[in-house]
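Following: one structure in structure tokens, then a few remarks.
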Amino acid sequence: MFRNVLALQQVARRTICSSARRQVENKVPQNQKHFQDDNGLPVHLKGGTSDAVLYATTMMLTAVGVGYVVYELVQAAYPQKKD
Numbered sequence: 008m009f010r011n012v013l014a015l016q017q018v019a020r021r022t023i024c025s026s027a028r029r030q031v032e033n034k035v036p037q038n039q040k041h042f043q044d045d046n047g048l049p050v051h052l053k054g055g056t057s058d059a060v061l062y063a064t065t066m067m068l069t070a071v072g073v074g075y076v077v078y079e080l081v082q083a084a085y086p087q088k089k090d
């Protein structure tokens, strides 16, 4: 049991304290310039195709939800007659 704990500590120490670090490019200024560009698109659609798909899906689900609520309200307003 103790041997497993020591092995886990050694693996954790290797992954955390590695000397080879990957440099990550700062993309914030590029994204700021892209989203602040005046190209006629609203900001929620400037992300590309994935934003357009998410927007269309959200609008479709909203329309279906509103339709279902109206249907349930009509059903509640005019209950079925019992014979």
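Just so it is clear: in the sequence shown, position 41 is 48 by the numbering used here, and no numbers are missing.
C-beta atoms are modelled at their ideal positions from N, C-alpha and C, and glycine is treated no differently.
Note that the structure is predicted; figures quoted are calculated from it, not measured.
Span separating the alpha-carbon of residue i from that of residue j
i: K88; j: G47; result: 55 Å
i: L61; j: G54; result: 11 Å
i: Q82; j: D44; result: 49 Å
i: V31; j: Q39; result: 17 Å
i: A84; j: M66; result: 27 Å
i: Q17; j: Q37; result: 40 Å
i: V73; j: P86; result: 20 Å
Test item: CB-CB of residue i and residue j under 8 Å
i: A59; j: L68; result: no
i: F42; j: V35; result: no
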